[in-house]
Ligand SMILES: Cc1cc2nc3c(=O)[nH]c(=O)nc-3n(C[C@H](O)[C@H](O)[C@H](O)COP(=O)(O)OP(=O)(O)OC[C@H]3O[C@@H](n4cnc5c(N)ncnc54)[C@H](O)[C@@H]3O)c2cc1C
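In our numbering, the protein residues as written are 44 to 538.
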């Protein structure tokens with residue numbers, strides 16, 4: 044079925060796409076294309092003209108060669124779980140979804156690495172390496188759905204970021220198709236590699252604006268022998284934040300230190316029933332891992348610090364099933380808070396760890412002043428809070444207040460020495476705010492890098508560093524646009 048709202052690609056371009064892709068690898072029906080018009084953010088885009096599902100790097104390269112020649116905007120896409128609008132398409136663009144490139148090519152137990160295609164689901168990869176007694180730490184809470192390619196493109200983190208870092212810390216090497224269709228190899232299979240500019244580091248976190256990642260070589264660790272999970276229950280958000288600051292100051296390094304406020308606890312308990320205490324002001328979910336003796340010592344220290352900061356009690360997840368239940372609750376937070384209201388704006392402003400208590404105070408004050416419901420949760424151990432603003436979304440006044448609150452959250456994070464995004468990326472949602480952090484010189488440097496690698500500007504235009512869409516298929520201004528005023532609409536998690 045044709046979509047009158049979507050400018051069609053020319054017959055010649057469609058024939059070219061069909062020649063490149065295997066049968067079933069090109070979606071052109073409106074019903075299919077509409078499904079690729081979203082990610083998990085409230086950013087709204089257009090309907091893509093076609094969705095390409097390459098199975099091989101050569102196909103991805105041929106797609107980009109054709110798109111460059113014809114000036115067609117290309118939107119790389121993993122699972123669409125992004126929270127900053129990175130894979131939301133422009134009207135009339137070509138979505139390149141990497142889900143069919145989903146092979147784990149190699150798990151190497153001597154060099155402790157794996158080679159994967161970008162469409163592998165993160166949780167499935169973790170399970171595969173754990174069967175070999177190895178460990179891949181990056182664990183975005185979306186891990187049952189998101190892809191390793193999407194993780195690398197966003198430099199995704201997760202609860203274990205506190206001890207183990209983010210996706211980029213595990214990318215030893217990668218292959219990526221650049222805008223004209225050439226294939227770039229960056230990094231490799233060694234733990235150390237300082238040959239030339241760090242193009243691996245440039246591609247990681249580039250949000251699909253510099254190339255399509257077609258293969259990743261990922262560093263693995265030995266699986267920790269012991270792992271223990273604790274739930275510390277606090278009378279208030281402030282006391283839980285104080286405990287976070289004390290744990291970090293004392294030099295303890297939990298694998299994860301997750302904070303949830305009272306609002307979040309109630310949402311999760313209603314939705315997933317993990318057994319969280321609904322009467323609590325806040326909880327910290329803490330995971331310790333390592334050698335059994337180290338974990339035992341750290342467990343005593345962390346429990347003591349929580350009590351000293353005002354914890355009402357600290358419970359240990361006894362059995363593996365108990366621990367899995369506690370963590371399933373945490374992973375359900377995004378969906379649980381989304382059920383409350385029609386619109387969810389999920390931010391991930393991040394501050395130095397010692398400033399978490401101050402940031403929490405400011406978030407509460409911003410919510411009160413604007414009369415907004417803001418759920419506060421996140422990876423507090425690394426200073427990465429996720430204030431989620433929840434809206435009915437049916438009045439301009441409410442949306443305006445939310446936009447003001449978003450600006451104030453970013454200002455607060457920067458004033459406290461933090462950043463706009465700890466892990467979700469800039470995408471469309473935060474592009475208007477980028478200069479607040481990086482300044483004009485930073486923006487200019489990023490624009491020059493973009494121009495050098497993608498002179499025609501076909502790769503994910505308007506994302507991450509802003510800028511205008513290009514090409515005959517695109518209609519600048521009709522797409523999602525970076526402005527916060529374009530926020531709103533029904534959150535996909537509600538659908
Ligand atoms: C419930 C929930 C919980 C979440 N928890 C976390 C969390 O704990 N930590 C965290 O960091 N994020 C989290 N996220 C956000 C999201 O899951 C991550 O950003 C994830 O990395 C996106 O992966 P994806 O495969 O869905 O990519 P998509 O959303 O499809 O794309 C994300 C970006 O990557 C680009 N891209 C995708 N694949 C490629 C590729 N192969 N080559 C080049 N560019 C590509 C896209 O163009 C886009 O800009 C969460 C999201 C949800 C919905």
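Ideal Cβ placement from N, Cα and C applies to all residues, glycine included.
May I ask you to list the residues that DSSP assigns as paired with residue 159? Within the chain shown, the letter at position 116 stands for residue 159. Residue 159 is bridged to 147 and 259.
Alpha-carbon to alpha-carbon, residue 222 and residue 112: Sequence index remark: in the chain shown, residue 112 carries index 69 (1-based). Sequence index remark: in the chain shown, residue 222 carries index 179 (1-based). Taking the straight line joining both Cα atoms gives about 10 Å.
Residue 56 and residue 97 closer than 9 Å at C-beta: Start at 1 with the first residue of the chain shown, and residue 56 comes out as number 13. Start at 1 with the first residue of the chain shown, and residue 97 comes out as number 54. Going by beta carbons, residue 56 and residue 97 fall outside the 9 Å limit.
Taking 8 Å as the cut-off, is the C-beta of residue 314 nearer than that to any heavy atom in ligand 1? Within the chain shown, the letter at position 271 stands for residue 314. Not under cutoff, so the answer is no.
Rounded straight-line distance, which links the Cα of residue 495 to that of residue 69: By 1-based counting over the chain shown, the position of residue 69 is 26. By 1-based counting over the chain shown, the position of residue 495 is 452. The alpha-carbon of residue 69 is positioned some 30 Å away from that of residue 495.
My assumption, with CB atoms under 8 Å, is that residue 387 sits in contact with residue 380. Please give the rounded CB distance. One-based indexing of the chain shown puts residue 387 at position 344. One-based indexing of the chain shown puts residue 380 at position 337. With a contact defined as Cβ atoms closer than 8 Å, residue 387 and residue 380 qualify at about 6 Å.
Just to confirm my understanding: we take residue 433, look at its own chain, exclude 5 residues before and 5 after, and list those with CB closer than 6 Å. What are they? Start at 1 with the first residue of the chain shown, and residue 433 comes out as number 390. So the list reads 383, 384, 387 and 416, once near-sequence residues are dropped.
Applying the criterion that 16 or more other CB atoms from any shown protein chain within 10 Å of the CB defines a buried residue, is residue 240 buried or exposed? Taking the chain shown and counting its residues from 1, the one referred to as residue 240 is at position 197. Exposed.
Sequence-distant residues of the same chain with beta carbon closer than 8 Å to residue 456, five excluded per side: Within the chain shown, numbered from 1, the residue matching residue 456 stands at position 413. Cβ-Cβ distances below 8 Å link residue 456 to 392, 393, 394, 402, 462 and 463 in the same chain, with the five nearest sequence neighbours on each side left out; the list follows chain order.
In whole angstroms, what separates the C-alpha of residue 364 from that of residue 374? Within the chain shown, residue 364 is the residue found at index 321, counting from 1. Within the chain shown, residue 374 is the residue found at index 331, counting from 1. Answer to the nearest angstrom: the Cα atoms are 15 Å apart.
Beta carbon of residue 166: closer than 8 Å to some heavy atom of ligand 1? For the purposes of this step, residue 166 is taken as residue 123 along the chain shown, with counting starting at 1. Outside the cutoff, so no.
Sorry if obvious, but does the Cβ on residue 602 come closer than 8 Å to a heavy atom of ligand 1? Residue 602 cannot be examined here, being either before or after the span of the chain that is shown, 44 to 538.
Nearest to residue 226 (by Cα), restricted to the options 407, 102 and 322: In the chain shown, counting from the first residue as 1, residue 226 sits at position 183. Answer by Cα proximity: 102.
For ligand 1, I want to know if residue 218 counts as a neighbour, meaning its beta carbon is within less than 8 Å of at least one of the ligand's heavy atoms. As a position in the chain shown, residue 218 is number 175, starting the count at 1. No; taking the cut-off as 8 Å, the Cβ of residue 218 has no heavy atom of ligand 1 nearer than that.
Leaving out five residues on either side along the sequence, give the residues of the same chain with a beta carbon under 6 Å from the beta carbon of residue 303. Residue numbering aside, residue 303 sits at position 260 when the chain shown is read from its first letter. Excluding positions up to five away in sequence, the list reads 326 and 420.
Using the DSSP secondary-structure output, state which residues sit across from residue 327 in a beta bridge. The residue labelled residue 327 in the question sits at position 284 within the chain shown. DSSP lists 275 and 302 as the bridge partner or partners of residue 327.
Is residue 474 near ligand 1, with its Cβ less than 8 Å from a heavy atom? Indexing the chain shown from 1 puts residue 474 at position 431. Shortest gap from the CB of residue 474 to any heavy atom of ligand 1: 8 Å or more.
Can you name the start and end residues of the alpha helix (DSSP H) that residue 335 belongs to? Sequence index remark: in the chain shown, residue 335 carries index 292 (1-based). Residue range 335-352 is occupied by the alpha helix (DSSP H) that includes residue 335.
If you follow the beta strand (DSSP E) that residue 429 is part of, which residue opens it and which one closes it? Here residue 429 refers to the residue found at position 386 when the chain shown is read from its first residue. In the DSSP annotation of this structure, the continuous segment of the beta strand (DSSP E) that includes residue 429 starts and ends at 427-434.
Does DSSP classify residue 283 as helix, strand or coil? Taking the chain shown and counting its residues from 1, the one referred to as residue 283 is at position 240. Secondary structure at residue 283: helix, using DSSP grouped into helix, strand and coil.
Taking the alpha carbon of residue 472 as the reference point, which residue from 321, 250 and 92 has its own alpha carbon closest? The count along the chain shown starts at 1 and reaches residue 472 at position 429. Taking only the C-alpha atoms, the option nearest residue 472 is 250.
Is it true that the segment 170-179 meets the segment 440-450, where meeting means three or more beta-carbon pairs spaced less than 8 Å apart? Pairwise C-beta distances place the segment 170-179 out of contact with the segment 440-450, as fewer than three of them are shorter than 8 Å.
Using 8 Å as the Cβ pair cut-off and three pairs as the minimum, do the segment 122-138 and the segment 75-85 touch? At 8 Å Cβ cutoff, the stretches touch.
Would you say residue 295 and residue 348 are within 9 Å of each other, going by their C-beta atoms? The residue you call residue 295 lines up with position 252 of the chain shown. The residue you call residue 348 lines up with position 305 of the chain shown. A distance below 9 Å separates the beta carbons of residue 295 and residue 348.
Helix, strand or coil at residue 387 [DSSP, three-state]: Your numbering for residue 387 matches position 344 in the chain shown. Residue 387 carries a strand assignment under DSSP once its states are collapsed to helix, strand and coil.
Going by alpha carbons, who is nearest to residue 197 out of 436, 173, 256 and 483? As a working mapping, residue 197 is identified with position 154 in the chain shown. Comparing Cα positions, the closest option is 256.
I need the boundaries of the alpha helix (DSSP H) containing residue 77, first residue and last residue. Position 34 of the chain shown, counted from the start, is the residue given in the question as residue 77. According to the DSSP assignment, residue 77 belongs to the alpha helix (DSSP H) that extends over 73-78.
In whole angstroms, what separates the C-alpha of residue 369 from that of residue 217? Counting from 1 along the chain shown, the entry for residue 369 is found at position 326. Counting from 1 along the chain shown, the entry for residue 217 is found at position 174. In a straight line, the C-alpha of residue 369 is about 35 Å away from that of residue 217.
As assigned by DSSP and simplified to three states, the class of residue 123: Here residue 123 refers to the residue found at position 80 when the chain shown is read from its first residue. Residue state, collapsed to three classes: coil.
Please classify residue 210 as buried or exposed, where buried requires at least 16 neighbouring CB atoms within 10 angstroms. Mapped onto the chain shown, residue 210 falls at position 167. With 16 or more other Cβ atoms within 10 Å, it is buried.
Span of the beta strand (DSSP E), counted from its first residue to its last, around residue 417: Within the chain shown, numbered from 1, the residue matching residue 417 stands at position 374. Element bounds for residue 417: 416-422.
C-beta contact flag for residue 425 and residue 200 at 9 Å: The count along the chain shown starts at 1 and reaches residue 425 at position 382. The count along the chain shown starts at 1 and reaches residue 200 at position 157. When the beta-carbon positions are compared, residue 425 and residue 200 come within less than 9 Å of each other.
Compute the beta-carbon to beta-carbon distance between residue 244 and residue 220, rounded to the nearest angstrom, for a pair I have assumed lies under 8 Å. Taking the chain shown and counting its residues from 1, the one referred to as residue 244 is at position 201. Taking the chain shown and counting its residues from 1, the one referred to as residue 220 is at position 177. With a Cβ gap of about 18 Å, residue 244 and residue 220 do not count as contacting.
So what's residue 322 in DSSP terms, helix, strand or just coil? Taking the chain shown and counting its residues from 1, one reaches residue 322 at position 279. Three-state result, residue 322: coil.
Measure the alpha-carbon distance for residue 71 versus residue 155 and round it to whole angstroms. Position 28 of the chain shown, counted from the first residue, corresponds to residue 71. Position 112 of the chain shown, counted from the first residue, corresponds to residue 155. Answer to the nearest angstrom: the Cα atoms are 42 Å apart.
Considering only the alpha carbon of each residue, which of 280, 469 and 477 lies closest to residue 86? By 1-based counting over the chain shown, the position of residue 86 is 43. Checking every option, the nearest Cα to that of residue 86 belongs to 469.
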